[in-house]
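Here's the structure, in structure tokens; my notes come after.
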Amino acid sequence: MKKTVLRLAAATAIAMAPAAVAVGLNPAVSNAVPDCGDGWWDPNVGVCRAWSNFNSPPDCGAGNYWDPFGTVCRPIFGG
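Take the sequence shown: its position 3, counting from 1, is numbered -10 in this note's numbering, and each next residue is one higher.
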């Protein structure tokens, strides 16, 4: 019985080893944020954005609004 338990424990450790390595390495790789210089990192789109696109939106005219995430003017009622 003792031999069976030891073999089962060894098999479990061998089976879990790749998962342990993946969990240990993933946070260091997936949390990397690039250097955007004078801008800021937009994690929703995965690009660097300039501060001017965020702080001083353009005049989109009547019936439109500025979408800072798409960096475009959009119609208010989707028309």
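All C-beta atoms, glycine included, are put in the ideal place defined by N, C-alpha and C.
Opposing strand residues paired with residue i [DSSP bridges]
{"i": "D54", "result": "V59"}
{"i": "D29", "result": "V34"}
Beta-carbon proximity check, residue i vs residue j, cutoff 8 Å
{"i": "N51", "j": "P62", "result": "yes"}
Residue i in three-state terms, based on DSSP
{"i": "V(-8)", "result": "helix"}
{"i": "V34", "result": "strand"}
{"i": "V20", "result": "coil"}
{"i": "P44", "result": "coil"}
{"i": "A49", "result": "coil"}
For residue i, the nearest candidate out of the options (CA to CA)
{"i": "R36", "options": "A19, T58, W53", "result": "T58"}
{"i": "G48", "options": "I1, D25, C60", "result": "C60"}
{"i": "W27", "options": "A2, M3, L(-7), P55", "result": "P55"}
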